[in-house]
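Trainee: Supplied in structure tokens, the structure appears directly below.
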Amino acid sequence: MNAPVIYNAHPQTLEYIGQGVADPDPLDAEHWLIPGYAYTDSPPEPVPGHAVVRDLAGKAWALVEDNRGPVYDVATGAAQDHAALGALPPELTRQPFPGDFHYWDGGAWVLDVDAQKESIRTKGLSLRDERLANASMRIAPLQDAVDLGEASEHEQAMLLAWKRYRIALNRLEQQPGYPLSIEWPASPEDATAPPPQDAEHTQ
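Under the working numbering, think of the first position of the sequence shown as 206, with each following residue one higher.
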């Protein structure tokens, strides 16, 4: 008499882990020893995204969703490791969090274009204001020299360049691609900026 094939389940997760054969009962030659968490009915064929698990209540094998591994909190996008078999709770998803300005709409991550645009606009204005402040600081002593009639030709030219630069900064919001695409004017102090043109006088 051939030994019956047995199908083993993990003692904790009840997941199917492989098959074997039963051992003979040393006290009864007509019986076979079936260990705990081993069963004689064969499991179903595996299906992607599912695990074969023993249903103790139904006394049969069942296919259960397998979402183990990295999952993401739909409220924060934070990643965490999920170890349990079965369907995910509604606050978790297997879809990777794409990044800032995305929110969960119940089935997928959606880019909040308005929030992204506002953030870019705010950062752009902050940088513009920093550069405006620097330009004003550069302009002040040059303007003093002009007002007192003590400015050299180079100082007059630099004053004109800084004023033009400050005007260009103030007009950033008029650019067609603003705020997603900003063409920043070159500062007179940049190595790549064209040299200032000499001016006879600057008001």
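Idealized CB from N, CA, C, for every residue including glycine. As the structure is a prediction and not an experimental result, all values here were calculated from the model.
Give a yes or no on contact between the stretch 254-263 and the stretch 275-284, applying the rule of three or more CB pairs nearer than 8 Å.
Mentor: no
Trainee: Strictly by DSSP, which residues pair up with His-287?
Mentor: BP columns for His-287 point to Gly-274.
Trainee: What residue range is occupied by the uninterrupted alpha helix (DSSP H) comprising Leu-330?
Mentor: 318-352
Trainee: I need the straight-line Cα distance from Gln-300 to His-236, nearest angstrom please.
Mentor: 51 Å
Trainee: In the DSSP assignment, find the unbroken alpha helix (DSSP H) run with Gln-361 in it and report its ends.
Mentor: 358-375
Trainee: Can you pull the DSSP bridge partners for Tyr-308?
Mentor: Val-315
Trainee: Would you call the stretch 355-365 in contact with the stretch 291-307, where contact means no fewer than 3 C-beta pairs closer than 8 Å?
Mentor: no
Trainee: Using the Cβ count rule (16 or more neighbours within 10 Å means buried), how would you classify Val-276?
Mentor: buried
Trainee: On the DSSP letters alone, give me the boundaries of the beta strand (DSSP E) that Tyr-212 sits inside.
Mentor: Here the beta strand (DSSP E) through Tyr-212 covers 210-214.
Trainee: Starting from Glu-378 and walking both ways along the beta strand (DSSP E), at which residues does that stretch end?
Mentor: Here Glu-378 belongs to no beta strand (DSSP E), and DSSP marks it neither H nor E.
Trainee: Is the Cβ-Cβ distance between Ala-256 and Ile-211 less than 7 Å?
Mentor: no
Trainee: Identify every residue that forms a DSSP beta bridge with Arg-259.
Mentor: Trp-266
Trainee: Near Gln-408, what residues of its chain come up, given a Cβ to Cβ distance below 6 Å and the 5 sequence neighbours on each side ignored?
Mentor: Only weak support exists for where Gln-408 lies, its pLDDT of 41 falling under 50; the value from the coordinates is given anyway. Around Gln-408: no qualifying Cβ.
Trainee: Where does Asp-246 fall in DSSP's three states?
Mentor: coil
Trainee: Evaluate Ala-366 with the Cβ neighbour count: other Cβ atoms within 10 Å of its Cβ, from every protein chain shown; 16 or more gives buried, anything less gives exposed.
Mentor: So Ala-366 ends up on the buried side.
Trainee: Specify, as a first and last residue, the run of the beta strand (DSSP E) that Ala-234 falls within.
Mentor: For Ala-234, the enclosing beta strand (DSSP E) stretches over residues 233-238.
Trainee: Once DSSP output is grouped into helix, strand and coil, what is the label at Thr-281?
Mentor: coil
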